[in-house]
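A short write-up of the structure that comes next.
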Amino acid sequence: MMENIQATLNERASVTPNRTIKMKTEKVTVHYGQKQALNGIDLEVYERQVTALIGPSGCGKSTYLRCLNRMNDTIDAAKVAGTILLDGENIYDPDLDVVELRARVGMVFQKPNPFPKSIWENVAYGPKIHGLAKTKDELEEIVHTSLKKAGLYNEVKDRLDEPGTGLSGGQQQRLCIARAIAVSPEVILMDEPCSALDPIATATVEELIDELKQNYTIVIVTHSMQQAARVSQQTAMFHLGDLAEVGDTEMMFSNPSDKRTQDYIMGRFG
Ligand SMILES: Nc1ncnc2c1ncn2[C@@H]1O[C@H](COP(=O)(O)OP(=O)(O)OP(=O)(O)O)[C@@H](O)[C@H]1O
């Protein structure tokens with residue numbers, strides 16, 4: 001396992017780290033009723049980089065991800081406390097519109113979830129409700145560009161009026177990525193985006209994530225150590241609601257300092 005991850009790291013082109021902070025959380029806690037799921041998370045997410053959240057099942061990765069665009073607000077039992085900043089601005093500021101926030105910080109889920117509408121409508125819906133296009137031509141342009149950026153255009157350009165749900169799983173996930181891109185997000189949150197995909201579709205989505213980081217800040221929850229090593233520049237290891245360790249992905253996998261990270265990467269638990 002470790003040799004494979006090391007080989008993956010060696011294959012990666014070396015990247016100059018960008019240390020512009022896009023999002024920052026301070027002392028973030030989440031309770032579901034009486035149960036505390038996050039115990040005070042301090043983490044910085046860097047602009048135009050991929051941050052991977054790893055850790056054993058139930059450690060709070062998805063809960064943390066949902067903090068970043070206030071998706072926990074949609075769960076009645078969830079109570080979030082602490083500070084969450086986007087470009088230095090508190091995302092709970094009363095002046096900040098939550099619908100606007102979720103356009104700036106988009107989300108792609110584990111299971112591809114296209115709307116039961118045409119491929120075109122799936123992508124056009126967001127720009128329409130956010131009033132991003134003044135004319136039909138502009139809307140058309142956004143749909144085409146988003147599908148291209150999601151690496152799906154060539155496969156669907158002749159059937160844009162067919163249902164999104166008729167695509168393969170991997171295509172559906174790229175359609176969901178196109179839908180997220182269509183509203184010009186700054187950050188894209190991905191919750192195990194490849195877990196329902198086969199290895200070939202997974203490789204396509206991973207390549208896409210690598211390209212997307214040129215324009216977007218990405219935070220991805222993954223159970224796959226290989227995937228974290230392949231796609232991310234920063235890795236955050238969660239354990240029982242704590243942030244066990246965070247650092248440069250290469251450093252985390254080659255020389256983790258926390259025993260919990262070592263054990264997890266070596267496959268001793270989780
Ligand atoms: N809607 C909810 N209501 C109550 N408890 C929840 C809810 N969502 C998550 N939890 C609890 O919070 C803790 C963290 O869950 P979370 O889903 O964030 O972990 P995770 O690391 O993403 O897990 P997995 O890798 O299995 O998806 C778990 O104990 C879980 O049972």
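If you're matching positions, the sequence shown starts at 1 in full-length UniProt numbering and goes up one per residue.
Where is the CB? At the ideal position from N, CA and C, for every residue including glycine.
Using 8 Å for Cβ pairs, my map puts Ala52 next to Val231. What's the rounded Cβ distance? 7 Å
Q: Run the CB neighbour count on Glu162, radius 10 Å, all protein chains shown included, and call it buried at 16 or more, exposed below.
A: exposed
- prompt: Apart from the five residues on each side of it in sequence, which residues of its chain come closer than 6 Å, Cβ to Cβ, to residue 278?
  reply: The requested residue 278 is not part of the displayed model; the chain covers only 1 to 270.
Sub-9 Å separation of Ile188 and Ile142 beta-carbons:
no
### Query
Closest by CA to Thr20, which one among Asn39, Lys35, His31, Arg48?
Arg48
With distance defined between alpha-carbon atoms, name the residue in Leu175, Leu167, Lys27 nearest to His144.
Leu175
Query raised in the report: Looking at Ala52 and ligand 1, is the gap between the Cβ and the nearest heavy atom below 8 Å?
Result: no
Requested in this report: Compare the Cα-Cα distances from Gly82 to each of Ala182, Arg268, Ile41, Ala203 and report the closest residue.
Outcome: Ile41
Going by DSSP, which residues form a beta bridge with Asn39?
-> Thr29
task: Please state whether DSSP places Asp158 in a helix, a strand or coil.
output: coil
Please give me, in chain order, every unbroken run of the beta strand (DSSP E) with length at least 3 that falls completely inside the segment 55-100. 78-86
| With distances taken from CA atoms, which of Ile209, Asp258, Val50, Val246 is nearest Lys149? | Ile209
Exercise for the section: Would you kindly check if the distance between the Cβ of Leu240 and the Cβ of Gly60 is under 9 Å? Expected result: yes
Worksheet item: Are the beta-carbon atoms of Gln234 and Thr249 separated by less than 9 Å?
Response: yes
- Among Val45, Lys213, Gln34, Asn39, the one whose alpha carbon lies nearest that of Lys27: Asn39
Given Phe253 as reference, the closest of Gly55, Glu44, Leu212 once Cα atoms are compared: Gly55
| task | Specify the secondary structure class of Lys24 as computed by DSSP and reduced to three states. | result | strand
Where the beta strand (DSSP E) through Val105 begins and ends: 105-108
Query - Run of the beta strand (DSSP E) containing His239, from where it starts to where it stops - result: 234-239
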